[in-house]
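Letter by letter, the sequence shown follows residues 23 to 390 in my numbering. Taking it in order: structure first as structure tokens, then the write-up.
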Amino acid sequence: MIIKELTPAGLKEFINSEEFQQLNIIPITKHRALSHINNPRVDRDDVILFIAYQDNELAGYLGVLADTIYLNSEEHKVGWLSCIWTSEKVRGKGVAKQLLSAALNSWNNKILATEFTPAAKSLYDQTAAFMDFTTLLGRRAYLRFNLHELLPPKGFPTMLSGLLKIGDATLNIFNSLRLLGWGSSINIDHLNLEYIKVIDDETKGFIEKRHKNELIRRGAEELSWINKYPWVLSSPEEDSDALRYHFSSSVKVFNNLNIKLMSNEGEVIAFMMIVVRGNNLKIPYCYFDEEHIGKIVQVIYHHMFELNLNMVTTYNSAISNYFLSHRTPFIYNKQMSRSYLISKELGKNLTDKQQIHMQDGSGDCAFT
């Protein structure tokens, strides 16, 4: 087996090659590759894609997102495991383990991971190279019924899925009457709110003052990169790359919205990046002083009503606590958790006093 290691330059050459065009299965989409290539935190020698070949056929791949983290005020160059896949033809032959070993070696054992599958977690444990890092607790709140998306397991009969859709439609008729009373009370006209495409200097300064204690500290340049180079495209139909790729490439609706809130005096009091994927909302980045939590929640409610969304997921403690302690328009909300692993090499830099502060979009979570 051969493992090809691609740096940004190598990745750019690969996605424009005839080999890439002819592959039945691709290890990365072009737009995801462009995101990695234009990452402001990637260096020219960083290996960001590992491709395994067996008998000249693609046997598996592993992607790494280059990043910087801060442990006890010290800066560390790291990589996030962003995807791993192996062909059924080579399952059980140790291909995934070899890919992971290559990544650990290339990144000097400075690797982190989150939102991994049980199979991936088992693989990471086998290497004995990782340790538990932290767990974020949050809430997932449901505004409308969408059982046809939440309940069916893989391979669920189409007919039964259709029945769930009918059930959702019926329940949502009654639910819409309940929401009518809420809609009239959710009004952001009194808020000094602006949708921005470019993060201006004032907003940049506002963010920088509030991310000093964070693990990753993404600023205006990184947030602009996330907006400009998405991993998932908004498209009514799947493109040709999506049909050859085993991870998310395109969905019917995927939009990033950057929202700046200002005081009556024109000073920035909050910045939010919200992501609408399908009928669901996430908040990868949210900076505000807690005295303005009511305004933040009103903005969330407004977008859920205005865009006819079903649910919101947040790991922001202030927003989560608000959902728990106040009357809300949601049918139901439940606790969510997101676990993080850190390589033992990086873990050496942790102390008992180390407090881990992260935004929902930390790692590659802002892209999906």
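Don't be surprised by glycine CBs; every beta carbon is placed ideally from N, CA and C.
Enclosing beta strand (DSSP E) for residue i [first to last residue]
i, result
"K26", "I24 to L28"
"L71", "L71 to Q76"
From the options, residue whose alpha carbon lies closest to that of residue i
i, options, result
"V254", "H268, I238 and F276", "F276"
"N280", "A292, Q376, E35 and S272", "A292"
"D311", "I208, L145, R232 and G160", "R232"
"Y323", "L158, K99 and L201", "L201"
"A55", "W247, M326 and D222", "W247"
"K52", "K317, S262 and L186", "S262"
"F339", "L134, A141, G160 and L215", "Rather than Phe, the amino acid found at residue 339 in this sequence is Ser. Residue G160 is the option with its Cα nearest to S339."
"L121", "K370, E96, T139 and V69", "V69"
"L372", "F42, G82 and N94", "N94"
"Y337", "L283, H268 and C308", "C308"
"I25", "Y354, A81 and E259", "A81"
"S12", "F42, D147, I318 and K366", "Nothing about residue 12 can be read from this structure; the chain reaches only from 23 to 390."
"K282", "S256, G227 and V100", "G227"
"D211", "Q320, E367, L71 and E41", "Q320"
"I133", "E259, I188, N197 and T149", "T149"
Endpoints, the alpha helix (DSSP H) within which residue i is located
i, result
"T149", "P140 to T149"
"F352", "Unbroken run through F352: none, as it is neither H nor E."
"N343", "S339 to S347"
"L265", "S262 to R266"
"I315", "I315 to E328"
"Q44", "E40 to Q44"
"I248", "A242 to K250"
"A1", "Residue 1 lies beyond the range of the chain shown here (23 to 390); nothing can be said about it."
"H53", "K52 to I59"
Paired residues, beta bridge with residue i - DSSP
i, result
"T136", "Y362"
"M333", "Y164 and N302"
"S272", "L255"
"T108", "G82"
"K219", "DSSP lists no partner for K219."
"K99", "T90"
"A292", "L283 and F310"
"F152", "S365"
"L158", "R360"
"V465", "This structure cannot speak to residue 465, because the chain is shown only from 23 to 390."
"N214", "M284"
Residues of its chain near residue i, where Cβ-Cβ distance is below 7 Å and the 5 sequence neighbours each way are ignored
i, result
"E224", "V290"
"P306", "M295, V297, Q381, D382, G383, C387 and A388"
"T390", "W253, V254 and S270"
"Q76", "M23 and V112"
"E313", "none"
"I59", "P30, L33 and K34"
"D190", "F167, N168, L169 and H170"
"M326", "L165, L303 and V334"
"W107", "G82, Y83 and H268"
"Y217", "L279, N280 and I281"
Sequence-distant residues of the same chain with beta carbon closer than 8 Å to residue i, five excluded per side
i, result
"E79", "S109 and K111"
"R266", "L45, N46, I47 and I48"
"S57", "W247, Y251, P252, W253 and F389"
"L379", "Inspection of the sequence shows that residue 379 is occupied by His rather than by Leu. Excluding positions up to five away in sequence, the list reads N235, E236 and L237."
"V220", "S246"
"E244", "P62 and R63"
Sequence-distant residues of the same chain with beta carbon closer than 6 Å to residue i, five excluded per side
i, result
"N249", "N278"
"W204", "P351"
"R63", "A88, D89 and T90"
"K356", "R162"
"I315", "A340 and Y344"
"I73", "K26, P49 and Y83"
"S257", "S272"
Residue i at chain C interface by Cβ criterion, 7 Å
i, result
"A118", "In the displayed structure, chain C is absent; only one protein chain is listed."
For the region 117-127 against the region 335-353, are there 3 or more C-beta pairs whose distance is under 8 Å? Because the criterion of three Cβ pairs below 8 Å is not met, the region 117-127 and the region 335-353 do not touch.
Given 8 Å, three or more beta-carbon pairs between the region 326-341 and the region 300-318: yes
The region 359-367 in contact with the region 149-159 per 3-pair CB rule at 8 Å: In the pairwise beta carbon analysis, the region 359-367 is classified as touching the region 149-159: at least three pairs are separated by under 8 Å.
Three or more C-beta pairs closer than 8 Å, one from the region 32-39 and one from the region 87-95: is that the case here? no
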